[in-house]
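Colleague: Quick note, in full-length UniProt numbering, the sequence shown goes up one by one and the last residue is 487.
Heads up, the beta-carbon is just placed ideally off N, CA and C, and yes, glycines get one too.
Handing you a structure now.
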Amino acid sequence: MSAYIMRAKEINPLVNAIVGEQYHLALRKAQELDRTLDNLSATEIEEKFSAKHKPLLGVPLSVKEAFAWIGMTNCSGVPSRKHIRSTYDAPVLKNLQDAGAIPFIHTNVSEACMWFESSNYVFGCTNNAYDTTRIVGGSSGGEGCVISAGAAVIGIGSDIGGSIRMPCFFNGIFGHKPSVGVVENKGQFPIASEKALPLLQTGPMCRYASDLIPELRAMAGEEGAAKLQLDTKVDLSRLRVISVPDDDGGLMVSKVDPQLKEAQRKVCEFLASKGACVEERKFHKFRMALDMWTGLMNLSDETKFAKIIAGENPKPVNCILELGKSAIGMSKHTFPALLLGVVDDFGPNLTKARDIKAVEILKKLKKELIEEMKKGKEENGRQNVDGENEAEGHVGENYQGTVLLYPSHPKIAPYHSHPIFTPFNFAYTGLFNALGLPVTQCPLGLSKEGLPLGLQVVSAPYEDHLSLAVAQALEEKFGGWVNPGSV
1 MSAYIMRAKE
11 INPLVNAIVG
21 EQYHLALRKA
31 QELDRTLDNL
41 SATEIEEKFS
51 AKHKPLLGVP
61 LSVKEAFAWI
71 GMTNCSGVPS
81 RKHIRSTYDA
91 PVLKNLQDAG
101 AIPFIHTNVS
111 EACMWFESSN
121 YVFGCTNNAY
131 DTTRIVGGSS
141 GGEGCVISAG
151 AAVIGIGSDI
161 GGSIRMPCFF
171 NGIFGHKPSV
181 GVVENKGQFP
191 IASEKALPLL
201 QTGPMCRYAS
211 DLIPELRAMA
221 GEEGAAKLQL
231 DTKVDLSRLR
241 VISVPDDDGG
251 LMVSKVDPQL
261 KEAQRKVCEF
271 LASKGACVEE
281 RKFHKFRMAL
291 DMWTGLMNLS
301 DETKFAKIIA
311 GENPKPVNCI
321 LELGKSAIGM
331 SKHTFPALLL
341 GVVDDFGPNL
351 TKARDIKAVE
361 ILKKLKKELI
371 EEMKKGKEEN
381 GRQNVDGENE
391 AEGHVGENYQ
401 GTVLLYPSHP
411 KIAPYHSHPI
421 FTPFNFAYTG
431 LFNALGLPVT
441 QCPLGLSKEG
451 LPLGLQVVSA
461 PYEDHLSLAV
471 AQALEEKFGG
481 WVNPGSV
């Protein structure tokens with residue numbers, strides 16, 4: 001713990017990712033744990049502190065500031081909430097502590113957690129450890145940064161449109177958006193409405209793929225973990241892989257960087273060399289990812305964003321007025337938050353018919369994808385009736401399951417403030433929130449600019465073990481996390 005506290009203090013002046021800390025309390029907990037273990041026999045340690053009972057014993061844990069943590073802020077960068085201190089621990093944080101993890105730092109987010117650059121006027125802007133002129137992503141950007149920079153072992157992220165996967169991608173670490181309902185979402189601000197809650201998932205972030213399953217199991221608790229097959233061994237040679245190179249021309253979304261396409265091609269080659277059945281496909285409906293995600297959000301009775309960023313103030317923020325003040329540096333709110341507030345105030349009323357149509361298309365796409373992922377899958381030792389696959393060398397073969405490969409983002413980590421010019425690029429991650437599919441984010445080395453490459457591995461609902469297994473295989477082949485520097 002002392003080493004991680006020293007590391008956190010060392011890197012934060014450069015990256016500004018840590019917005020709160022409990023160094024003394026964490027160190028005391030670690031010391032008490034050491035003394036307890038010193039006074040126990042090997043048998044007693046095995047009975048009380050085995051990997052089964054305390055899988056994260058003594059592991060330094062970073063916590064996204066959006067999550068409640070006793071005594072710490074819980075404002076998510078909203079100025080009027082900066083005085084608030086949590087009086088309880090979020091359920092997911094409690095589960096991790098029950099598994100033995102020791103929380104010690106709180107990390108930065110985007111204002112109200114609805115933008116993919118972690119910057120706000122309460123805590124400032126967080127810098128990428130690979131290049132401090134670049135963003136760390138959002139909203140779990142502070143988590144991605146401290147883990148990548150070696151200042152924490154594991155972290156807590158939440159994801160309603162890519163808020164785990166984009167920070168993991170931009171910071172070169174692993175992350176997982178679980179299947180719906182596996183990990184408790186309560187205890188974070190802001191929280192999604194009941195209708196939008198299936199889009200929001202809480203999940204693990206870490207440097208090493210082997211840590212994903214232990215952390216996910218702990219976060220989910222016994223009841224949540226029972227919904228998954230985390231102990232199932234995955235045989236890559238019995239895996240079907242669908243590689244989708246891009247969104248097939250989505251409007252207002254950037255084209256995928258050639259370096260990312262090449263990295264994905266190499267992944268396909270590797271998985272094929274392991275015996276997996278790999279095929280490239282395009283799904284034309286993917287080009288409507290933005291409309292589908294936005295349609296779900298607009299029809300979900302979400303609290304108006306102007307009200308959310310008002311925080312403790314009873315009146316919603318006048319986002320148009322604040323945009324004017326922002327132009328002369330007089331607003332307390334970030335430009336992206338105000339812009340989103342304006343769009344949220346007027347957009348849903350103007351696009352309702354379009355939103356309904358987009359959601360209908362989304363339902364058809366989800367049905368199509370899940371059916372595609374079931375093709376050839378073993379069911380009680382027998383192949384599905386429609387499961388015949390004509391790929392060379394795999395005709396009529398029974399598969400353990402199917403995963404889908406997809407770019408994490410069309411661009412490598414952008415420069416600060418650049419996302420305002422490409423605000424819809426989150427569609428590459430938001431698509432799978434709308435579809436309700438579990439996704440593992442995997443790093444794949446560095447670009448020619450020295451920035452992380454990566455891709456998403458998607459599986460069918462409650463088949464998280466498939467994408468998690470692929471993540472471990474890709475780490476072994478491509479090296480996983482790369483140290484961002486000598487600092």
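Taking lysine 177 as part of the alpha helix (DSSP H), name the residues at either end of that continuous run.
Modeller: As a first step, residue 177 must be located in the sequence shown, where it is residue number 177. From DSSP, lysine 177 is part of no alpha helix (DSSP H) but of the beta strand (DSSP E) over 174 to 177.
Colleague: Quick check on cysteine 75: does DSSP put it in helix, strand or coil?
Modeller: Here the question's residue 75 lines up with position 75 in the sequence shown. Looking at cysteine 75 - three-state DSSP - the assignment turns out to be coil, as it is neither helix nor strand.
Colleague: Quick one: which unbroken alpha helix (DSSP H) runs of 4-plus residues sit fully inside the region 139 to 176? Chain order, please.
Modeller: For secondary structure counted as the alpha helix (DSSP H) over 4 or more consecutive residues, the region 139 to 176 holds these complete runs in sequence order: 141 to 148 and 165 to 171.
Colleague: Check whether the Cβ atoms of glutamate 302 and alanine 192 lie closer than 9 Å to each other.
Modeller: Translated into positions along the sequence shown, residue 302 becomes position 302. Translated into positions along the sequence shown, residue 192 becomes position 192. Yes, they are a contact pair.
Colleague: Please report the straight-line C-alpha distance between leucine 230 and tyrosine 462, rounded to a whole angstrom.
Modeller: For the purposes of this step, residue 230 is taken as the residue at position 230 of the sequence shown. For the purposes of this step, residue 462 is taken as the residue at position 462 of the sequence shown. Answer to the nearest angstrom: the Cα atoms are 10 Å apart.
Colleague: Run through the region 232 to 256 for me and flag every whole beta strand (DSSP E) of 3 or more residues, listed as ranges in chain order.
Modeller: 239 to 243
Colleague: Is the Cβ-Cβ distance between valine 136 and asparagine 120 less than 9 Å?
Modeller: Taking the first residue of the sequence shown as 1, we reach residue 136 at position 136. Taking the first residue of the sequence shown as 1, we reach residue 120 at position 120. Not in contact: valine 136 and asparagine 120 (Cβ atoms no closer than 9 Å).
Colleague: Who are glutamine 456's beta bridge partners in DSSP?
Modeller: In the sequence shown, the residue the question calls residue 456 occupies position 456. Glutamine 456 pairs with Tyr406 and Gln441.
Colleague: DSSP state of proline 103, grouped into three classes?
Modeller: On the sequence shown, position 103 is the one that residue 103 refers to. In the structure shown, proline 103 sits in a strand (DSSP, three-state: E or B).
Colleague: With three or more C-beta pairs closer than 8 Å as the rule, is the region 7 to 25 touching the region 151 to 161?
Modeller: yes
Colleague: So if DSSP puts arginine 35 in a beta bridge, which residue, or which two residues, is it bridged to?
Modeller: For the purposes of this step, residue 35 is identified with residue 35 of the sequence shown, where counting begins at 1. DSSP output for arginine 35 lists no bridge partner at all.
Colleague: Answer with buried or exposed for glutamine 188, where buried requires no fewer than 16 other C-beta atoms within 10 angstroms of its C-beta.
Modeller: Looking up residue 188 in the sequence shown gives position 188. Result: buried.
Colleague: Curious, which full-length alpha helix (DSSP H) runs of at least 4 residues does the region 289 to 329 contain?
Modeller: Complete alpha helix (DSSP H) runs here, min 4: 289 to 298, 305 to 308 and 319 to 327.
Colleague: Which runs of the alpha helix (DSSP H) at least 4 residues long sit entirely within the region 345 to 381? Give them in chain order.
Modeller: 352 to 374
Colleague: In whole angstroms, what separates the C-alpha of leucine 93 from that of glutamate 10?
Modeller: Translated into the one-based positions of the sequence shown, residue 93 becomes position 93. Translated into the one-based positions of the sequence shown, residue 10 becomes position 10. Leucine 93 and glutamate 10: Cα-Cα distance of roughly 25 Å.
Colleague: Buried or exposed for leucine 404, please, with buried defined as at least 16 other CB atoms from any protein chain shown within 10 angstroms of its CB.
Modeller: Here residue 404 refers to the residue found at position 404 of the sequence shown. Buried, because 16 or more other Cβ atoms sit within 10 Å of the Cβ of leucine 404.
Colleague: Whole angstroms are fine: how far does the CA of alanine 101 sit from the CA of alanine 473?
Modeller: Here residue 473 corresponds to residue number 473 of the sequence shown, with the count starting at 1. Here residue 101 corresponds to residue number 101 of the sequence shown, with the count starting at 1. Going from the Cα of alanine 473 to the Cα of alanine 101 covers about 26 Å.
Colleague: Quick check on this structure: which residue in Pro348, Leu216, Thr107 and Glu194 has the alpha carbon closest to the alpha carbon of proline 204?
Modeller: In the sequence shown, the residue the question calls residue 204 occupies position 204. For the residues Pro348, Leu216, Thr107 and Glu194, the minimum Cα distance to proline 204 belongs to Leu216.
Colleague: Check whether the region 271 to 291 touches the region 441 to 451, taking contact to mean three or more Cβ pairs, one atom from each stretch, closer than 8 Å.
Modeller: Cβ pair count under 8 Å is below three, so no.
Colleague: List the endpoints of the continuous alpha helix (DSSP H) containing cysteine 268.
Modeller: One-based indexing of the sequence shown puts residue 268 at position 268. Counting along the chain, the alpha helix (DSSP H) containing cysteine 268 begins and ends at 258 to 273.
Colleague: Please state if the CB of aspartate 248 and the CB of histidine 284 are separated by a distance shorter than 9 Å.
Modeller: Taking the sequence shown and counting its residues from 1, the one referred to as residue 284 is at position 284. Taking the sequence shown and counting its residues from 1, the one referred to as residue 248 is at position 248. Against a cut-off of 9 Å, the Cβ pair of aspartate 248 and histidine 284 comes out as a contact.
Colleague: Got a sec? Which residues, its chain only, sit under 6 Å from serine 41 by beta carbon, not counting five neighbours each side?
Modeller: One-based indexing of the sequence shown puts residue 41 at position 41. Same-chain partners within the cutoff: there are none.
Colleague: Output the boundary residues of the beta strand (DSSP E) element that contains leucine 197.
Modeller: Taking the sequence shown and counting its residues from 1, the one referred to as residue 197 is at position 197. Note, leucine 197: premise wrong, no beta strand (DSSP E); not H, not E.
Colleague: Suppose the cutoff is 8 Å on Cβ atoms and the five residues either side in sequence are ignored; what does the same chain contact list for glutamate 449 look like?
Modeller: For the purposes of this step, residue 449 is taken as residue 449 along the sequence shown, with counting starting at 1. So the list reads Asp131 and Ile412, once near-sequence residues are dropped.
Colleague: Taking a contact to mean a Cβ-Cβ separation below 9 Å, would you say phenylalanine 104 touches glycine 141 in this structure?
Modeller: Counted from its first residue, the sequence shown places residue 104 at position 104. Counted from its first residue, the sequence shown places residue 141 at position 141. No.
Colleague: Going by beta carbon distance, what residues of the same chain come within less than 8 Å of glycine 485, once the five residues before and after it are set aside?
Modeller: Sequence index remark: in the sequence shown, residue 485 carries index 485 (1-based). Within the same chain, glycine 485 has close Cβ partners Ala129 and Tyr130.
Colleague: Just how far apart, CA to CA, sit glutamine 259 and cysteine 168?
Modeller: The residue you call residue 259 lines up with position 259 of the sequence shown. The residue you call residue 168 lines up with position 168 of the sequence shown. Rounded to whole angstroms, glutamine 259 to cysteine 168 spans 17 Å at the Cα level.
Colleague: Enumerate in chain order the residues of its own chain whose CB-to-CB distance from alanine 469 is below 7 Å, with the five nearest sequence positions on each side excluded.
Modeller: Mapped onto the sequence shown, residue 469 falls at position 469. Same-chain partners within the cutoff: Val234.
Colleague: Tell whether a beta-carbon distance below 9 Å holds between glycine 155 and valine 63.
Modeller: In the sequence shown, residue 155 corresponds to position 155, counting from 1. In the sequence shown, residue 63 corresponds to position 63, counting from 1. It is a contact, given that the beta carbons lie within the stated cut-off.
Colleague: Any beta carbon of chain B sitting closer than 9 Å to that of methionine 219?
Modeller: Among the chains in the structure shown there is no chain B, since it carries only a single protein chain.
Colleague: Report the residue from Thr73, Ile147 and Arg85 whose alpha carbon sits nearest the alpha carbon of phenylalanine 123.
Modeller: Taking the first residue of the sequence shown as position 1, residue 123 is located at position 123. Closest in C-alpha terms to phenylalanine 123, from the list Thr73, Ile147 and Arg85, comes Thr73.
Colleague: Could you please give me the residues that DSSP links to glutamine 188 through a beta bridge?
Modeller: Translated into the one-based positions of the sequence shown, residue 188 becomes position 188. Answer is Phe67.
Colleague: Give me, in chain order, the residues of the same chain whose beta-carbon lies closer than 6 Å to that of glutamate 475; leave out the 5 immediate sequence neighbours on both sides.
Modeller: If you number the sequence shown from 1, residue 475 lands on position 475. Taking C-beta separations shorter than 6 Å and ignoring five residues to either side along the sequence, the partners of glutamate 475 in its chain run Ala209, following chain order.
Colleague: Among Ala427, His409 and Asp291, which residue has its Cα nearest to the Cα of lysine 352?
Modeller: Indexing the sequence shown from 1 puts residue 352 at position 352. Selected option, being the one with the closest Cα: Asp291.
Colleague: For the putative contact between asparagine 298 and aspartate 355, defined by C-beta atoms under 8 Å, what is the C-beta separation to the nearest angstrom?
Modeller: One-based indexing of the sequence shown puts residue 298 at position 298. One-based indexing of the sequence shown puts residue 355 at position 355. Contact annotation, asparagine 298 with aspartate 355: C-beta distance approximately 5 Å; criterion of less than 8 Å satisfied.
Colleague: Apart from the five residues on each side of it in sequence, which residues of its chain come closer than 6 Å, Cβ to Cβ, to alanine 3?
Modeller: Locating residue 3 in the sequence shown gives position 3, counting from the first residue. Within the same chain, alanine 3 has no close Cβ partners at all.
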